[in-house]
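Asks: Structure below; questions to follow.
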């Protein structure tokens, strides 16, 4: 997310954990460790003791007990931090302003993680010797078979019902290369599936915590996990070489006949 936000500009992130705030600076997609630092200080108290020194007051005990103190460290240290943001980065921010007006929208789609390059040779998947298959299969035939397996996985999980994904599957099935530009239809669909999966998990967790009936079930969550994983497999197919994508796709296939289907896809 920081890499995307900082494209062509600079982003400063404040991450609060207990009495500590970490400052991270990312410029044009690259973190600048030398510009990052942290602020950590003993808290100042709400009242003064008989000796004139800060002492923990009743309000302070209440904030600490429930763990929601918005600034649990030294307010003077945070004031210096905010002054530094203005002096170093031209950012003027008052935490009190955050609650001054409601958000116009709270619809946030997660930015998907970068797909890492495979650093190990493709070997065995579900007791199937994928490494040997890769060695003996011409690249174009392998790519065609992996695309067919991907289409089967999409059908099993239902993601082929999304028009953006159906279009990508149709093109890959014809041997065409499909781009995956950020923030365009296919990328947004994958991010939406990820967000919906998180939302279902959140509904279940909240219901368990409150001991109330949930509007969704564990079966629903499993189905969303399957969609999210299949969308991730499609993303890997579009961004990685076929052998690396095959490792993920075959590991996710739901049909007990996937080996026979793979043999048929290789023979076509």
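In the working numbering, the protein residues as written are 36 to 303. All C-beta atoms in this analysis are idealised placements derived from N, C-alpha and C, irrespective of residue type, glycine included.
(1) Classify residue 246 as helix, strand or coil using the three-state DSSP reduction.
(2) Can you tell me the Cα-Cα spacing of residue 278 and residue 188, whole angstroms?
(3) Around the Cβ of residue 263, are there at least 16 other Cβ atoms within 10 angstroms (buried) or fewer (exposed)?
(4) Where do the ends of the beta strand (DSSP E) carrying residue 292 lie?
(5) From residue 183 to residue 302, what distance separates their C-alpha atoms?
(6) Report, in whole angstroms, the separation of the C-beta atoms of residue 304 and residue 224, which I expect to be a contact under 8 angstroms.
(7) Identify whether residue 221 lies in helix, strand or coil by the three-state DSSP scheme.
(8) Taking buried to mean at least 16 other C-beta atoms within 10 Å of its own C-beta, is residue 265 buried or exposed?
(9) Give me the Cβ distance between residue 271 and residue 283, rounded to the nearest whole Å; I'm assuming they're in contact under 8 angstroms.
(10) Which word fits residue 285, buried or exposed, when buried means at least 16 other C-beta atoms lie within 10 angstroms of its C-beta?
(11) Please return the same chain residues whose Cβ sits closer than 6 angstroms to the Cβ of residue 50, not counting the five positions on each side in sequence.
(12) What three-state label does DSSP hand residue 62 in the structure shown?
(13) If residue 116 sits next to residue 74, beta carbons under 8 angstroms apart, how far is it from one beta carbon to the other, in whole angstroms?
(14) At which residues does the alpha helix (DSSP H) containing residue 37 begin and terminate?
(15) Output the distance between the C-alpha atoms of residue 258 and residue 234, rounded to the nearest integer angstrom.
(16) Are the beta-carbon atoms belonging to residue 274 and residue 181 less than 7 angstroms from one another?
(17) Report the rounded CA-to-CA distance for residue 291 versus residue 185, giving the unit in angstroms.
(18) Let's see if you can read the secondary structure: which residues bound the alpha helix (DSSP H) around residue 170?
(19) On a CA-only basis, which of 145, 175 and 177 is nearest residue 218? Give me that one, please.
(20) Would residue 62 and residue 45 be called neighbours here (beta carbons separated by less than 7 angstroms)?
(21) Would you give the residue range spanned by the alpha helix (DSSP H) that residue 254 belongs to?
Replies: Straight from the coordinates:
(1) In this structure, residue 246 counts as coil in the three-state DSSP scheme.
(2) Their Cα atoms are separated by approximately 16 angstroms.
(3) Per the 10 Å Cβ criterion, buried.
(4) In the DSSP annotation of this structure, residue 292 is not part of any beta strand (DSSP E), being labelled neither H nor E.
(5) CA-to-CA, the gap between residue 183 and residue 302 works out to about 12 angstroms.
(6) There is no way to answer for residue 304, as the model of the chain reaches only from 36 to 303.
(7) Note: residue 221 maps to helix in three-state DSSP.
(8) With 16 or more other Cβ atoms within 10 Å, it is buried.
(9) That pair is a contact at about 5 angstroms.
(10) That one is buried.
(11) In the same chain as residue 50, and ignoring 5 residues on each side of it, the C-beta atoms closer than 6 angstroms to its own belong to 57, in chain order.
(12) It is a strand residue.
(13) A Cβ-Cβ distance of about 5 angstroms is found for the pair residue 116 and residue 74, placing them in contact under the 8 angstroms criterion.
(14) Membership of residue 37 in the alpha helix (DSSP H) is indicated by the continuous run 37-40.
(15) When rounded, the distance between both Cα atoms is 13 angstroms.
(16) Note that the C-beta distance between residue 274 and residue 181 is not below 7 angstroms.
(17) The alpha-carbon separation between residue 291 and residue 185 amounts to approximately 15 angstroms.
(18) In the DSSP annotation of this structure, the continuous segment of the alpha helix (DSSP H) that includes residue 170 starts and ends at 165-171.
(19) The residue with the shortest Cα to Cα distance from residue 218 is 145.
(20) Yes, they are a contact pair.
(21) Membership of residue 254 in the alpha helix (DSSP H) is indicated by the continuous run 253-274.
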